[in-house]
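Counting along the sequence shown from 1, when you hit position 123 you're at 123 in full-length UniProt numbering, and nothing is skipped either side.
Heads up: the structure comes next, in structure tokens.
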Amino acid sequence: MNSRTLPVPDGLDGMRVDAGLAKLLGLSRTVIAALAESGDVSLDGRAAGKSDRLTAGAWLEITLPEPEREGEPAPAIEVPGLKIVHEDDDIVVVDKPVGVAAHPSPGWTGTTVIGGLAAAGVRVSTSGAAERQGVVHRLDVGTTGVMVVAKSEHAYTVLKRAFKERTVEKGYHALVQGHPDPSAGTIDAPIDRHPKHDYKFAVVAGGRPSVTHYETLEAFRAASLVDVRLETGRTHQIRVHFAALRHPCVGDLAYGADPTLAKRLGMTRQWLHARRLAFHHPSDGQWVEFTSEYPDDLRRALDRLAAES
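What follows is the structure, encoded as structure tokens:
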């Protein structure tokens with residue numbers, strides 16, 4: 001996504017958002033209206049609707065979609081271990097197993113959440129690119145836990161806006177090497193592509209604002225179990241932030257974890273689990289909350305640490 005920030009020109013003063021921005025950016029009014037509906041247009045820091053009026057000099061921020069690429073819908077392939085936690089007319093909440101991507105992407109040949117839902121006969125929203133239909137947020141392939149997918153077009157719009165406006169509560173548990181000091185705190189450090197390795201991310205000056213809150217739940221001799229709450233949702237955010245503190249997630253070799261410790265605990269991926277997800281239901285606005293228990297590999301690692309301590 002490409003975010004642009006600029007002042008509203010004098011010539012657009014008083015025009016509707018959809019008409020004025022279509023003129024300014026060379027896009028159709030339909031596209032601008034859809035961006036506004038998804039919460040991707042703001043004026044002076046406040047979300048703007050398509051029929052709101054522009055004011056000369058107001059600061060406009062708009063997030064433009066990437067150029068459309070040809071994509072294929074996810075193939076309907078059964079995903080062992082994919083559990084449906086909740087389903088209604090608007091949403092489906094799943095417990096994602098390790099080794100499964102949220103949706104197809106270049107170079108990925110494994111199973112996906114969207115493909116698994118299709119195989120289970122669950123129809124999702126048609127909003128979004130063909131390969132990402134219904135996807136409003138993602139978990140890494142190596143991260144397990146709770147994830148919501150939109151089934152209706154209305155739910156897709158409402159949930160995309162909720163994630164963008166940070167009204168969704170995302171809680172993770174992570175097992176990190178050593179003992180963070182302080183034992184509870186906030187990591188506020190910008191994240192962007194790694195300057196030398198484009199397959200991963202890093203704390204980079206001038207990167208996108210990224211905020212992670214954490215609290216230590218249990219300290220073992222070699223590692224600490226932490227409860228993590230994300231204020232922003234950058235790619236690899238938890239992994240990057242704790243690696244920057246020199247407390248990488250156990251087993252996360254891409255971000256500097258100790259391979260000896262990972263082997264001793266039987267970890268073949270990062271110890272990171274999406275434990276809790278809570279949001280206003282898109283149909284009636286009621287607050288709903290979903291949780292996920294630790295999968296076997298994460299539980300075994302904790303048991304081995306406890307036995308060593």
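No residue lacks a Cβ here, since even glycine has one placed at the ideal position from N, Cα and C.
Predicted, not measured: the structure shown is a model, and the values here were computed from it.
Cβ-based burial, residue i [other Cβ within 10 Å; buried from 16]
i: Tyr-214; result: buried
i: Gly-251; result: buried
i: Lys-263; result: exposed
i: His-173; result: buried
i: Glu-68; result: Residue confidence for Glu-68 is low, a pLDDT of 47 falling below 50, so the modelled location carries little weight; the figure read from the coordinates is stated next. Exposed: under 16 other Cβ atoms inside 10 Å.
i: Lys-83; result: exposed
i: Tyr-255; result: buried
i: Ser-152; result: buried
i: Ala-205; result: exposed
i: Ala-33; result: buried
i: Asp-181; result: exposed
i: Asp-10; result: exposed
i: Gly-26; result: exposed
i: Gly-121; result: exposed
i: Asp-284; result: exposed
i: Ser-105; result: exposed
i: Ala-257; result: buried
i: Ser-51; result: exposed
Test item: CB-CB of residue i and residue j under 9 Å
i: Val-100; j: Val-135; result: no
i: Val-8; j: Ala-56; result: yes
i: Pro-190; j: Ser-210; result: yes
i: residue 323; j: His-154; result: In the structure as shown, the chain begins at 1 and stops at 309. Residue 323 is therefore absent and cannot be evaluated.
i: Leu-54; j: Gly-14; result: yes
i: Phe-290; j: Val-148; result: yes
i: Arg-234; j: Cys-249; result: no
i: Ala-76; j: Ala-119; result: yes
i: Glu-78; j: His-103; result: no
i: Gly-145; j: His-273; result: yes
i: Gly-45; j: Lys-164; result: no
i: residue 323; j: Ala-202; result: Since the first residue shown for the chain is 1 and the last is 309, residue 323 is missing from the structure and cannot be characterised.
i: His-236; j: Val-176; result: no
i: Leu-117; j: Ile-62; result: no
i: Thr-260; j: Arg-166; result: no
Integer-rounded CB distance, given that residue j should sit under 8 Å from residue i
i: Tyr-156; j: Ser-183; result: No, Tyr-156 and Ser-183 are not in contact; Cβ-Cβ is about 39 Å, not under 8 Å.
i: Leu-60; j: Leu-139; result: At roughly 32 Å, the Cβ-Cβ gap does not stay under 8 Å, so Leu-60 and Leu-139 are not in contact.
i: Leu-159; j: Leu-225; result: Their Cβ separation, rounded to whole angstroms, is 29 Å, which puts Leu-159 and Leu-225 out of contact at 8 Å.
i: Asp-297; j: Met-267; result: 7 Å
i: Ala-19; j: Arg-29; result: 6 Å
i: Leu-12; j: Leu-24; result: 6 Å
i: Thr-212; j: Leu-230; result: 6 Å
Proximal residues to residue i (C-beta, below 6 Å), its chain only, five neighbours per side dropped
i: Arg-304; result: Leu-265
i: Arg-276; result: Gly-171 and Thr-291
i: Ala-47; result: Gly-39
i: Ala-278; result: Glu-169 and Glu-289
i: Gly-49; result: Ala-36
i: Ala-162; result: Val-168 and Phe-279
i: Asp-88; result: none
Cβ shell of residue i (< 7 Å), same chain only, five flanking positions each side left out
i: Arg-269; result: Val-98, Gly-142 and Gly-251
i: Tyr-294; result: His-273
i: Glu-70; result: Note on Glu-70: pLDDT 49, under 50, position unreliable in the model; the coordinate value appears next. Closer than 7 Å at the Cβ level, and outside the excluded window around Glu-70, lies no residue.
i: Gly-207; result: Pro-190, Ile-191 and Asp-192
i: Trp-271; result: Ala-174, Leu-175, Cys-249, Val-250, Gly-251, Leu-298 and Ala-301
i: Trp-108; result: Ala-101
Close beta carbons around residue i, own chain, < 8 Å, minus the five adjacent residues each side
i: His-281; result: Asp-90, Ile-91, Trp-287 and Val-288
i: Glu-308; result: Phe-220, Arg-221 and Ala-222
i: Ala-244; result: Ile-187, Ala-189, Ala-202 and Val-203
i: Arg-123; result: Lys-151
i: Leu-253; result: Pro-259 and Ala-262
Residue i beta carbon near the ligand SAH (any heavy atom closer than 8 Å)
i: Thr-144; result: Within the structure as shown, the ligand SAH is missing, as the structure has no ligands at all.
Report the start-end ranges of each beta strand (DSSP E) in the stretch 25-101 that is 3 residues or longer and not cut off at the edges. 41-43, 59-64, 83-87 and 91-96
Could you give the uninterrupted runs of the beta strand (DSSP E) lying entirely in the stretch 235-295, keeping only those of 3 residues or more? 272-280 and 287-291
Which ranges would you report for the alpha helix (DSSP H) in the UniProt domain "Pseudouridine synthase RsuA/RluA-like" (90-244) if only whole runs of at least 4 residues count? 113-119, 153-164 and 237-244
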